[in-house]
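Asks: Here it is, the structure, as structure tokens.
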Amino acid sequence: MNTKRLLYAAAIVAVVVFFFSFVGCERIDAGNVGIKVNNAGGERGVSKTEYVTGWVFYSRFISRIYEFPTFQQHKEYEPFVVPSKGGTIFTVHPSFNYNLNPGEVGSMFQTFRLPLNQLEEGYLKNAVSVTIREVTNTFTVDSILNNLSLYDAAIVSGLNKKLSPFFTVSTFTSGLQPDEKLAATIAAKADAIQQALRIENEQKAIRAKAENDIIEAKRDSAVLVIGALSEARAIREKQNALTPEYVEYQKVLK
């Protein structure tokens, strides 16, 4: 009896092992799109039921499941150099946020037949590199340095044209840096501007002090004039007080 039970249990285990040797099971998380791919038969490629969600069972020998996130992704690439209009060299360190367009995931896989990490290091990276070079070559040195936000926006626009309809880039930062020679020139220019502003402020302070001194001098002069006028008025009043009778009285005293 025990032997039969053991054989029965072993048979069940064997069936389960055999089943899962041929059948795979994966769970497509929320915020992701699952793609079921047929590797055999007359429907090789993305199957008719290309979008799958939740728990998915599939044959390991004839099918494969790819999972693509549709929530916002962030990507950075190593710095590289690009020339601006006129030949000045800049270093860019691109970083950006992007989304996969959920309704285009199946078409994207049919086109490239690659998972997202390989697309990021291939198709996406190449599009970023080419777009940055194209856009940078339309900007002069001054237009880049004085309008960096417009430069980054132009790259976003160019990327979305190249990556449509599969990807949408929302934000992009070029991390642009001039070469050493230009950086030194920019620093010297900034120092010169600061020096000029300092001198201008000093001159304004000197002029303000001079104007204040003039005001003080005018005020002091006004005080002196007022005092002199008051004294003169007092003298006149004293003189007016010397009536003829008083003069005669003084003569008698003498």
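Counting from 1, one number per residue, gives the positions in the sequence shown under the UniProt record's numbering.
We put the beta carbon where it would ideally sit given N, CA and C, even for glycine.
Just so it is clear, the structure is predicted and the values come from calculations on it, not from any experiment.
Taking the alpha carbon of Pro102 as the point to measure from, which residue in Glu26, Glu67, Val135, Val37 has its own alpha carbon closest?
Replies: Here the closest residue by C-alpha is Glu67.
Asks: Here's the rule I'm using: 16 or more other beta-carbon atoms within 10 Å means buried, otherwise exposed. How should Thr136 be labelled?
Replies: Answer is buried; the Cβ neighbour count reaches 16.
Asks: Excluding the five sequence neighbours on either side, which residues of its own chain have a C-beta within less than 7 Å of the C-beta of Ala154, listed in chain order?
Replies: So the qualifying residues of the chain are Val135.
Asks: Can you tell me whether Arg27 is helix, strand or coil according to DSSP?
Replies: If DSSP states are grouped into helix, strand and coil, Arg27 belongs with the strands.
Asks: Rounded to a whole number of angstroms, what is the C-alpha to C-alpha distance between Pro115 and Gly87?
Replies: In a straight line, the C-alpha of Pro115 is about 37 Å away from that of Gly87.
Asks: Distance, Cα to Cα, Glu26 vs Phe109?
Replies: Answer to the nearest angstrom: the Cα atoms are 19 Å apart.
Asks: Check whether the Cβ atoms of Lys85 and Thr131 lie closer than 8 Å to each other.
Replies: No.
Asks: Please classify Phe112: does DSSP put it in a helix, a strand, or coil?
Replies: Phe112 falls in the helix class under three-state DSSP.
Asks: Could you compute how far the alpha carbon of Glu231 sits from the alpha carbon of Ile215?
Replies: Those two C-alpha atoms are separated by around 24 Å.
Asks: Terminal residues of the continuous alpha helix (DSSP H) containing Asn160?
Replies: Taken as a continuous stretch (DSSP letters only), the alpha helix (DSSP H) holding Asn160 covers 148-163.
Asks: For Glu104 and Phe166, what's the separation of their Cα atoms in angstroms?
Replies: Distance between the alpha carbons of Glu104 and Phe166 is about 6 Å.
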